[in-house]
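Protein chains in written order, with my numbering: chain A, 1 to 335; chain B, 336 to 733.
All remarks here apply to the structure that follows.
In structure tokens:
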């Protein structure tokens, strides 16, 4: 959960000065690496007390209208827009609240949040507030899945250990995952929570049926991999990407290679893979590659385990690989 | 009394996932050239230009419209840019309509252009994460950008809010059928990004979650392209139409609304798209439409997300909130049904070249009104955070 990035623009986001040529219908077209960037020393102005209270005191402030008494969190104004701009004053609100509506869960995030997905973001009405504060939502139990946090779910504000005075210094978890002491404590910090560590699933001893299923699935995946590597469109889905993946199943384990457009499968164990996938039945993965169900959803529904959450990125590419192959075949037929 | 305003010409460029061959300068000129040709006038006859360009970062320039003025043959004339999130194109139409109705000009060019997918994420070696990041700079800057706000998750909030209030609606098998229906309709649109991407409801259901509850095949796709309209006030429109031989499509009603961007008491009601309700009903009022269910035949709806398409139809008063799935279950939008929704394939299949999208929708509605000899269409644009902005317009074919 901790915020590891210490630079405004992390180095890995910055491309080299470079250009390349793409040829379309015998004509060359130029592509140039480029960026727009502007740095700020940003004024937080009238919102400063809100962010300073989070950073220094682990408190949440709202603003209360001197006329209608409405308490807005976040405290976006010094004067109430509903009462002819009557002045407001800061008030502290509770750190427990209920979800205003069922929150969405982001699995495919923007480039800035690829390493934080999956995460929820929703709106919580904290005790003592009339409006909803937008917050990131996590579960301490693993991957956030639909149904875990809904409209009306009680959640608590958690403060990150290292805070810089911005809204990402806080997030919420369901109070049902906390001890009574943690629920009662004001200013609860993330280091005080018990986070479930990712644990590789262990499978029972395979039967002969499992072995036969493994061999059949592997045979089909090998054939599919050849088609994918021959498909211009499918190759585009994994262009510029390189991963060596160990795939563990109940029956045995195999290797999956993604190498800048090439997709290859080998019946061998990888000594130092970039990451591990584990699924009891290899058909889970085969179905995904055959575009008969998303691999992403298999991870979400806990049918497929991955050793690094950040590799959701690779999972998306595998889903896209499957889709692009099917799309290419359909387009050929349609045209 | 405001002047009547009509559409006398329209054109679009092909919408593509990536236009390697053209910059936004050329795309803008392509659409303008074709629109002027469609109208059978000279660009010299056009008094003013209204630019719909959503995001500076996509075009990699602040005031990205300034190089276009001369390129379009509009030098020394009025030019104004409109930028209103996803609703940019519809707001551009609204602005041009107001200027012509107010007799500032006799003719106007409404031009939308966007070059979205030059944005590229070098860590994942793909465009999409950077494109959606660029859009995410549109989120609230103090409270939401830094916690992963995205266009998808903000619209998902509204969709889930609707499902909280109307449980059992927006069923996945219904949204899957709508997506599959649009994928069939797009076959007739040669300018579409996904003209040959026909999908089955099963494929939609099986596609991966992007942001819960949205699946990959229930979301619009980002495009590059341009669209242009030529508008004229009544007398000028009639002269142009006589010369071109093409019928005038009148803009009979326009309605807009921008909601609060935060939720809670006196603020945004997350279970509804109130801006859609207000935008549509204000347009109906201007057009004198008392019963939209009877009057509206074609809807060109900004389907950023399929679930939101359903909610928008309910907010327009075209289907009840609680039985919104009757769009499919009772065949309201199926072939031969009551409404023809997104004959162009919508933004899901034709593509979403943001500033150009709603203008493309007008182009499509005009074509369909003329081709099918129908009378009334509703145009819709939505945008900003939590479906905050809406513009609706009613079009009539005399």
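Think of the CB as a built atom: it goes at the ideal place given N, C-alpha and C, for glycine as much as any other residue.
Would you say residue i faces chain A, with C-beta separation under 8 Å as the test?
i                      : result
residue 748 of chain B : With chain B covering 336 to 733 only, the question about residue 748 of chain B has no answer from this structure.
residue 684 of chain B : no
residue 598 of chain B : yes
residue 601 of chain B : yes
residue 468 of chain B : yes
residue 350 of chain B : no
residue 457 of chain B : yes
residue 355 of chain B : yes
residue 638 of chain B : no
residue 399 of chain B : no
residue 451 of chain B : no
residue 611 of chain B : no
residue 680 of chain B : no
Using 10 angstroms around the beta-carbon of residue i, count the other beta-carbons present and answer buried if the total reaches 16, otherwise exposed.
i                      : result
residue 118 of chain A : buried
residue 422 of chain B : buried
residue 248 of chain A : buried
residue 736 of chain B : Residue 736 of chain B falls outside the range modelled here, since chain B spans only 336 to 733, and no answer is possible.
residue 599 of chain B : buried
residue 650 of chain B : buried
residue 687 of chain B : buried
residue 113 of chain A : buried
residue 453 of chain B : buried
residue 685 of chain B : buried
residue 466 of chain B : buried
residue 411 of chain B : exposed
residue 179 of chain A : exposed
residue 74 of chain A  : buried
residue 476 of chain B : exposed
residue 173 of chain A : buried
By the criterion of Cβ-Cβ separation under 7 Å, what are the contact partners of residue i in chain B?
i                      : result
residue 166 of chain A : 481
residue 319 of chain A : 543
Can you list the residues of chain A that residue i reaches, using a CB-CB cut of under 9 Å?
i                      : result
residue 517 of chain B : Here the premise fails: no neighbours, minimum Cβ distance about 16 Å.
residue 465 of chain B : 110 and 111
Residues of chain B with a CB under 8 Å from the CB of residue i: which are they?
i                      : result
residue 134 of chain A : 475, 478, 479, 482, 484 and 597
residue 327 of chain A : 532
residue 336 of chain A : The structure shown has nothing for residue 336 of chain A, since chain A only spans 1 to 335.
residue 138 of chain A : Neighbours of residue 138 of chain A on chain B: none; closest Cβ ~11 Å, over 8 Å.
residue 82 of chain A  : 601
Check the Cβ of residue i against every Cβ in chain A and list those closer than 7 Å, keeping chain order.
i                      : result
residue 545 of chain B : 107 and 108
residue 365 of chain B : Within chain A, no residue comes near residue 365 of chain B; the closest Cβ sits about 16 Å away, beyond 7 Å.
residue 496 of chain B : 101
residue 491 of chain B : 104
Should residue i be flagged as near chain B, meaning a C-beta pair shorter than 8 Å?
i                      : result
residue 277 of chain A : no
residue 231 of chain A : no
residue 203 of chain A : no
residue 228 of chain A : no
residue 15 of chain A  : yes
residue 211 of chain A : no
residue 122 of chain A : yes
residue 104 of chain A : yes
residue 254 of chain A : no
residue 305 of chain A : no
residue 130 of chain A : yes
residue 161 of chain A : no
residue 214 of chain A : no
residue 334 of chain A : yes
residue 12 of chain A  : yes
Using the beta-carbon of each residue, which ones in chain A are nearer than 8 Å to residue i?
i                      : result
residue 392 of chain B : 36
residue 606 of chain B : 101
Report, in whole angstroms, the separation of the C-beta atoms of residue i and residue j, which I expect to be a contact under 8 Å.
i                      : j                      : result
residue 545 of chain B : residue 489 of chain B : Contact flag wrong, Cβ pair sits at about 13 Å.
residue 431 of chain B : residue 445 of chain B : 5 Å
residue 382 of chain B : residue 443 of chain B : 6 Å
Beta-carbon of residue i versus every beta-carbon of chain E: anything under 8 Å?
i                      : result
residue 395 of chain B : Of the chains in the structure shown, none is chain E; the protein chains are A and B.
Return yes when at least one heavy atom of the ligand NAP lies under 7 Å from the C-beta of residue i, else no.
i                     : result
residue 66 of chain A : In terms of ligand content, the structure shown is empty, and the ligand NAP therefore cannot be addressed.
*Please go through the stretch 650-708 of chain B and give each complete alpha helix (DSSP H) segment of 4 or more residues, from N-terminal end onward.*
Taken in chain order, the unbroken stretches of alpha helix (DSSP H) that lie wholly in the stretch 650-708 of chain B and span 4 residues or more are 661-664, 681-684 and 689-707.
_Whole runs of the alpha helix (DSSP H) within the stretch 161-219 of chain A, excluding any shorter than 4 residues_ = 180-184, all fully within the stretch 161-219 of chain A.
*Identify every run of the alpha helix (DSSP H) within the stretch 219-305 of chain A, keeping only runs that are complete inside it and at least 4 residues long; order them along the chain.*
Within the stretch 219-305 of chain A, the complete alpha helix (DSSP H) runs of at least 4 residues are 232-237, 283-289 and 295-300.
*Kindly provide the ranges of any beta strand (DSSP E) runs that are 3 or more residues long and lie completely inside the stretch 602-643 of chain B, ordered along the chain.*
List check, beta strand (DSSP E) in window: 633-635.
*Could you give the uninterrupted runs of the alpha helix (DSSP H) lying entirely in the stretch 567-594 of chain B, keeping only those of 4 residues or more?*
The DSSP assignment places complete alpha helix (DSSP H) segments of no fewer than 4 residues inside the stretch 567-594 of chain B at 569-579, in order along the chain.
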